[in-house]
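Chains as they are written, first to last, in my numbering: chain A, 1 to 271; chain B, 1 to 153; chain C, 1 to 402.
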Amino acid sequence: MVPRPFRVKTVIQETHDTATLDLQPENPEEEFSFSPGQFNMLYVFGIGEVPISISGSSNGSDGFFHTIRDVGKVTHALINLRPGEKVGLRGPFGNPWPIEEGKGKDVVIMAGGIGLAPLRPALYALISRRDQYGDISLLYGSRTKEDLLFHPEFEIWKKKHGIQVKDTIDTGDRSWKGNVGVVTTLVSRVSFDPSNCIAMICGPEIMMKFSVLELVHAGLAEKNIYITMERNMKCAVGFCGHCQFGPAFICKDGPVFRYDRIKPFISTREL
Amino acid sequence: MKTLESVLIKHPFFENLDEPYLKLITGCAANVKFESGQFIYRQGEEANQFYIIRQGKVALEVCPPGKTPVTVQTVNEGEILGWAWLVPPYRCHFDAQATELTRAIALDGKCLRQKCEEDIKLGYELLKRLLPAIGRTMEATRLQLVDVYGKRD
Amino acid sequence: MGHACYRIFLKTVPYIMNKPEVIGKEGLNRLIQILTGMGYQVIGPTVRDEAIVYDSVHSIEDLPAGWTDEQEGGTYRLKKRSDEALFGYTLGPHSWKQFLHPPERRLWQAQKDSLGFDIVPEKLNNIKYAFLGVRSCELHAIAIQDKVFIQSPHTDLHYQSLRQNALFVAVNCGQAGNTCFCVSMQTGPKVEMGYDLVLTEILDDECHTFLISAGSDAGKTILKAVEAKPAGENEVKRAEEIIANTANQMGRTMATENIKELLYENVEHPAWEKIAGRCLSCANCTMVCPTCFCSTVEDVTDITGDHAERWQKWDSCFTMDFSSIHGGAVRNSTQSRYRQWMTHKLASWQDQFDTSGCVGCGRCITWCPVGIDLTREVAVIRESQPDQAGKLSGSGGQNENS
Chain A
1 MVPRPFRVKT VIQETHDTAT LDLQPENPEE EFSFSPGQFN MLYVFGIGEV
51 PISISGSSNG SDGFFHTIRD VGKVTHALIN LRPGEKVGLR GPFGNPWPIE
101 EGKGKDVVIM AGGIGLAPLR PALYALISRR DQYGDISLLY GSRTKEDLLF
151 HPEFEIWKKK HGIQVKDTID TGDRSWKGNV GVVTTLVSRV SFDPSNCIAM
201 ICGPEIMMKF SVLELVHAGL AEKNIYITME RNMKCAVGFC GHCQFGPAFI
251 CKDGPVFRYD RIKPFISTRE L
Chain B
1 MKTLESVLIK HPFFENLDEP YLKLITGCAA NVKFESGQFI YRQGEEANQF
51 YIIRQGKVAL EVCPPGKTPV TVQTVNEGEI LGWAWLVPPY RCHFDAQATE
101 LTRAIALDGK CLRQKCEEDI KLGYELLKRL LPAIGRTMEA TRLQLVDVYG
151 KRD
Chain C
1 MGHACYRIFL KTVPYIMNKP EVIGKEGLNR LIQILTGMGY QVIGPTVRDE
51 AIVYDSVHSI EDLPAGWTDE QEGGTYRLKK RSDEALFGYT LGPHSWKQFL
101 HPPERRLWQA QKDSLGFDIV PEKLNNIKYA FLGVRSCELH AIAIQDKVFI
151 QSPHTDLHYQ SLRQNALFVA VNCGQAGNTC FCVSMQTGPK VEMGYDLVLT
201 EILDDECHTF LISAGSDAGK TILKAVEAKP AGENEVKRAE EIIANTANQM
251 GRTMATENIK ELLYENVEHP AWEKIAGRCL SCANCTMVCP TCFCSTVEDV
301 TDITGDHAER WQKWDSCFTM DFSSIHGGAV RNSTQSRYRQ WMTHKLASWQ
351 DQFDTSGCVG CGRCITWCPV GIDLTREVAV IRESQPDQAG KLSGSGGQNE
401 NS
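What follows is the structure, encoded as structure tokens:
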């Protein structure tokens, strides 16, 4: 329950409102490992604490990244930290993406907005054992071209690792030569075998709902679709009760859920 | 070189369409090519054609007065561009601009809607195929309207 | 519903059937002195602000002699009894959770320094509580909170420390209140688990005695020091009668059969909107509930900005802030918040902790300012089910004889 001291190693400005912090334990002896999909609780002195998913690579060695969008007072303080400054960290918490379950299968990753952050380590986990997976696709939607996260890495994922990367934005101008439209329109533009495929989705709840519909329409079984849920999290260990979603505590039973298991709850308003 | 009919028959839009109808439609079809940046149609023009995109990408734009044009949708390979040809007053709603070299099959909408009026069954067949595409576009538009990635305040 | 799940013992204490013994009022007083002498802070029922509240007890003089309570939906009144019973009330607004899971607790402090800041965790509280007058439903409630804070992937060390140090002197209920339904929830009125000592107050004619027996080794040792007399057959029989009588007095009933499925299947139901028409979203029910465990944290700084603290405070699913994520609250409407509370308590709690979250104490009914009665609300939903047509009686709510 007590945060451990970490220091900001680098700050990478990703977009106008989003930055990535590379955090290092203050005590270099401290071991730190995580699974793709897990999150940490980050504390800024005197401001507060928020859950932030880990966006670093699963190699562990090349950084312990947290990609943060400025949406409130704590996130605002976080992205304005400078190298060397201290944060409190609790975690990692939560369950991981189905990296193991996907072995021998095609994988479709669908992300919306900042939702790409928790999926990036999943993508790197797949890449690190690329030969064990079939076709891998990344379908990414964002608001404008200025909001696209990790865009420089897309070419590497495409060319070096043979991943079908498709992105789209909600509105564009003439300088944007890519797709305009919602992320669901990308599903028909990549190849995967729906009978031997798992999908991982992260983004706003509405985006995930429609993405699931599109994937099911394409022939994926609901049990092969995984999504992440967001609710208010305070303690991250199942004590505070805030993150309840039906019978689940997002912090300890999630944030990654198999779609068929939470389907009845996700369709209920104000749950 | 593939005949137009063999291309059309494979397109989901024309799947399971009766042979005579397919022949009739092929008669109204032509291969077209647009260079990157070329306008396919402009808002307000008579909508006398629609397109099946074979390759490339088309941006649908609106141009608010005094502002730079905004792309609201792109139409890609395999998709249908344009439905105003079947709905009065048969006017294009957007500017359609090829954003890269685009090859398509253009179908003569003016001719087809005349045929649809004469043969209600053909009309219904085409409407049934067009409606899901319109529906999906509308659904996507609604999602865009929600601005799911925008700042919530 | 899995009835057996209520009977999970949390202390690894063998519940040896100890021969019951008998003490008088002076014996009870001795018990309090012994516990105090052992370093326990004895907490028991006292009268304050026209209610029975749990507070420090130094002798039997502090106990609510001759008081009882009248309870109904939205109503609580203390009343004089015709006798001098010490445990002649049912339940007040307090539960023991305020001691084991305090309403406010500092988790840690942080001090700014030249290297950034330094976090100092809060020391564990080593206080030893002896709880006097704990009812069966309350022991069940504590067992339920144990599942949340101890028997989960993470352990709340502060709760665990207070819990392990605590001693429980339970009391079998001599009368049931109008809002009681522990019989329906299988949590009482007879004390059967989680106690160190258990009392049954017997008031007959001139005689005011307590049947007492131990439920743990600690209880046994203490009982020895109290110097009780062996109980006679009559006293044992009388105690059983009292408990049986209480069981027959329940003011409310709740049909628990398939209650989880019932509520899951009725997340959309007109009843929720109707309840919301009365519910003030005041959170009283969650505050008085002995099992409600939700909390929030507040980060505070002093005026210099050099010292920060994190505090844990009770929170309630009835507040708007409870479900807020960036961009607003998930549960905006009162109906969604009431649904969350009741469905959690009676249904999803079973999925989460393998037990109901309700022990049938009735506090949420009594202390609801508008008298919303969950037994009635469950009955309303149950009665609306197609297969319940014609089976309108016995599905729960207020008992006719109450």
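All residues carry an ideal CB built from backbone N, CA and C; glycine is no exception.
By the CB criterion at 8 Å, V58(B) and T99(B) fall inside the cutoff.
In terms of Cβ geometry, R90(A) and M41(A) form a close pair [threshold 8 Å]. Identification of chain A residues near E100(B) by a Cβ-Cβ cut-off of 8 Å yields K177, ordered along the chain. The shortest CA-to-CA distance from D18(B) to any of L86(B), L126(B), G150(B) and I134(B) is the one to L126(B).
Ranked by Cα distance from E84(C), the first of T68(C), R48(C) and I222(C) is T68(C). The criterion of a C-beta distance shorter than 8 Å is satisfied by Y129(C) and L162(C). In the structure shown, M185(C) adopts helical secondary structure according to DSSP, grouped into three states. Taking the C-beta atoms as reference points, L211(C) is found nearer than 8 Å to E235(C).
Short of 7 Å from the beta carbon of Y259(A), and not among the five residues preceding or following it, lie these beta carbons of its own chain, in chain order: V212, E222, I225, Y226 and I227. Taking 8 Å as the Cβ-Cβ cut-off, the segment 223-240 of chain A has no residue approaching chain B. Per the coordinates, the alpha-carbon of N332(C) lies some 9 Å from the alpha-carbon of S324(C). In the same chain as T74(B), and ignoring 5 residues on each side of it, the C-beta atoms closer than 8 Å to its own belong to K57, V58, A59, L60 and T99, in chain order. Around the C-beta of A77(A), 16 or more other C-beta atoms lie within 10 Å, and the residue is accordingly described as buried. Between the segment 5-14 of chain B and the segment 25-43 of chain B, the count of C-beta pairs closer than 8 Å reaches three or more; the two stretches touch. By the rule that beta-carbons nearer than 8 Å mark a contact, Q244(A) touches chain C.
Counted as a single uninterrupted DSSP element, the alpha helix (DSSP H) harbouring I381(C) occupies residues L374 to E383.
Interface residue (Cβ-Cβ distance to chain A less than 8 Å): F293(C) is classified as such. L220(A) is a Cβ neighbour of C197(A), given a cutoff of 8 Å. Contact check for N232(A) against H242(A) passes: the beta carbons are separated by less than 8 Å. In the same chain as R69(A), and ignoring 5 residues on each side of it, the C-beta atoms closer than 7 Å to its own belong to D17, T18, T75 and I114, in chain order. For the set P64(B), V148(B) and R142(B), the Cα lying nearest the Cα of F94(B) is the one of P64(B).
For V2(A), the neighbours in chain C by C-beta distance under 8 Å run, in chain order, L107, W108, I119 and P121.
Under DSSP, no beta-bridge partner is assigned to K237(C). A244(C) is classed as exposed because its beta carbon has fewer than 16 other beta carbons within 10 Å across all chains shown. Less than 8 Å divides the Cβ of E77(B) from the Cβ of Q55(B).
In the three-state DSSP reduction, R30(C) falls in the helix class (H, G or I). In the three-state reduction of the DSSP assignment, T3(B) falls in the coil class, being assigned neither a helical nor a strand state. Within the same chain, Cβ atoms closer than 6 Å to the Cβ of L130(B) are found at W83, the five residues on either side in sequence being excluded.
The CB of K86(A) comes closer than 8 Å to the CB of L115, G116 and F117 in chain C, given here in chain order.
Around the beta carbon of N284(C), 16 or more other beta carbons lie within 10 angstroms, which makes this residue buried.
Runs of the beta strand (DSSP E) spanning 3 or more residues and lying entirely within the segment 212-253 of chain A occur at 225-228, in chain order. Using a Cβ-Cβ distance cut-off of 8 Å, the segment 130-149 of chain A and the segment 157-166 of chain A are in contact, since at least three pairs of beta carbons, one from each stretch, lie closer than that value. Collapsing the DSSP output to three states places N165(C) in a helix. The continuous beta strand (DSSP E) containing W67(C) extends over residues W67 to E72. Unbroken alpha helix (DSSP H) runs of no fewer than 4 residues, entirely contained in the segment 199-236 of chain C, are found at 217-226, following chain order. Close to chain B, meaning a Cβ-Cβ distance shorter than 8 Å, are the following residues of the segment 172-198 of chain A: G172, D173, R174, W176, K177, G178, N179, V180, G181, V182, T184, T185, S188 and R189.
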